[in-house]
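A quick write-up on the structure given underneath.
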Amino acid sequence: MPPEAPYEYEDPPSPPRRRSPPPRPRPPPAGNNGNKNQPPSPRRIGTVDKGEENPRAAPSPKRSSGNPLIDIDALLEAHNALRMISGAPNLTWSDDLAKASQGWADKCIFEHSRSRTNGENLAALSGTRNSAQVASSVGMWTGEVCYYNFDRPGFDSLTGHYTQVVWKGTQQIGCGYRYCEDGLDSFSSRESGILVCQYYPPGNWNTPAYFRQNVQKPNPMPDCTPQWPFAFGRRAVL
1 MPPEAPYEYE DPPSPPRRRS PPPRPRPPPA GNNGNKNQPP SPRRIGTVDK GEENPRAAPS
61 PKRSSGNPLI DIDALLEAHN ALRMISGAPN LTWSDDLAKA SQGWADKCIF EHSRSRTNGE
121 NLAALSGTRN SAQVASSVGM WTGEVCYYNF DRPGFDSLTG HYTQVVWKGT QQIGCGYRYC
181 EDGLDSFSSR ESGILVCQYY PPGNWNTPAY FRQNVQKPNP MPDCTPQWPF AFGRRAVL
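By full-length UniProt numbering, the letter at position 125 of the sequence shown is numbered 125, and the numbering carries on one by one without gaps.
Pasting the structure below:
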């Protein structure tokens with residue numbers, strides 16, 4: 001079992017962070033076999049399919065969510081790098097999901113919003129005031145891959161953030177971040193930040209068949225050599 005309040009160390013050490021428990025798993029949707037409206041094949045950000053014109057064209061201007069601490073491309077890459085080796089199509093950015101995520105982050109509450117239509121991951125970050133640190137915190141969620149039992153697919157509170165990140169049927173993501181100088185309700189009275197990412201369609205439909213279909217073992221599998229504390233979390237997004 002990982003520690004209650006895991007830390008990640010870098011050179012220099014990164015600030016302490018904490019994941020929220022993932023939302024409770026959802027029952028499977030009635031009459032949906034999970035095979036309809038599949039998004040396109042995975043493609044890493046910045047690549048060009050064979051046959052596309054002008055592969056050396058200048059990159060598009062950097063997108064902005066309106067929040068300087070939200071780097072859209074970095075957050076997409078942090079998710080899609082693991083999805084690409086897990087047989088899941090790339091996520092795309094949704095301004096609507098980002099607006100909903102930012103609205104919840106602005107409340108400075110370390111609890112799930114209980115959205116009825118979207119999946120959601122939360123992370124509390126201490127002392128995080130730049131976009132690179134915010135995006136790297138996705139490694140706390142993807143690092144849970146090292147605890148997921150692919151031989152017994154299903155929801156577990158220890159790995160629910162990871163399974164939402166790589167859920168094959170999810171197509172869109174939007175995130176928001178707020179630095180709360182007075183702390184986070186239900187977490188700490190000290191200065192803390194909160195990252196909220198919402199996903200559509202939501203993942204974690206709670207039957208083994210849905211997990212088997214939507215959560216596939218990465219190839220190659222990220223390095224899960226145990227290191228203290230939770231140091232492999234970032235490796236999963238590289």
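Virtual Cβ for every residue (Gly too), placed ideally from N, Cα, C.
In this text, all values refer to a predicted model and were calculated from it rather than measured experimentally.
Original post:
Cβ atoms of Tyr-177 and Thr-159: under 8 Å apart, would you say?
Top reply: no
Subject >> Length of the line joining the Cα atoms of Trp-205 and Thr-117 >> reply: 12 Å
Original post:
So is Pro-218 buried or exposed if we call it buried at 16+ other beta carbons inside 10 Å?
Top reply: buried
Original post:
Along the chain, which unbroken stretches of the alpha helix (DSSP H) at least 4 residues long are found entirely within the UniProt domain "SCP" (70-207)?
Top reply: 72-84, 95-105, 131-136, 138-142 and 160-166
**OP:** Would you tell me roughly how many angstroms separate the C-alpha atoms of Arg-234 and Gly-87, rounded to the nearest one?
**Re:** Residue confidence for Arg-234 is low, a pLDDT of 34 falling below 50, so the modelled location carries little weight and cannot support an answer.
**OP:** Measure how close the beta-carbons of Leu-122 and Val-196 come, nearest whole angstrom, since I'm counting them as under 8 Å.
**Re:** 6 Å
Original post:
Tell me which same chain residues have a C-beta within less than 7 Å of the C-beta of Cys-175, skipping the five on either side of it?
Top reply: Ile-70, Leu-75, Ala-98, Ser-101, Leu-195, Val-196 and Cys-197
Subject >> Reference Ala-209, options Gln-164, Gly-203, Gly-154 and Met-221, closest by Cα >> reply: Gly-154
Subject >> Rounded separation between Asp-223 and Ser-136 - CA only >> reply: 17 Å
**OP:** Let me know if Ser-157 comes out buried or exposed under the rule of 16 or more other beta-carbons within 10 Å of its beta-carbon.
**Re:** exposed
**OP:** Quick one: using the 10 Å Cβ neighbour count with 16 as the cut-off for buried, is Glu-52 buried or exposed?
**Re:** Low confidence applies here, because Glu-52 scores a pLDDT of 40, under 50, leaving its location unreliable; read the following figure in that light. Glu-52 is exposed by the Cβ-count criterion.
**OP:** Classify Gln-216 as helix, strand or coil using the three-state DSSP reduction.
**Re:** coil
Subject >> Spatially closest choice to Gln-171 from Ser-188, Leu-82, Thr-142 and Pro-202, by CA coordinates >> reply: Pro-202
**OP:** State the Cα-Cα distance for the pair Arg-83 and Pro-22, rounded to the nearest angstrom.
**Re:** 19 Å
Subject >> Cβ-based burial, Val-67 [other Cβ within 10 Å; buried from 16] >> reply: It is Asn, not Val, that sits at residue 67 in the sequence shown. When all chains shown are included, Asn-67 counts as buried.
Original post:
What's the C-alpha gap between Ser-126 and Glu-181?
Top reply: 10 Å
**OP:** Just the C-alpha distance for Glu-77 and Tyr-199, rounded to the nearest angstrom, thanks.
**Re:** 15 Å
Original post:
Can you name, in chain order, every residue of its own chain whose Cβ lies under 6 Å from the Cβ of Lys-168, other than the five neighbours on each side?
Top reply: Ala-88 and Asn-214
**OP:** Could you pull out every residue in the same chain whose Cβ sits closer than 6 Å to the Cβ of His-112, ignoring the five residues on either side in sequence?
**Re:** Pro-23 and Glu-120
Original post:
Under the rule that 16 or more other beta-carbon atoms within 10 Å means buried, what is Asn-90, buried or exposed?
Top reply: buried
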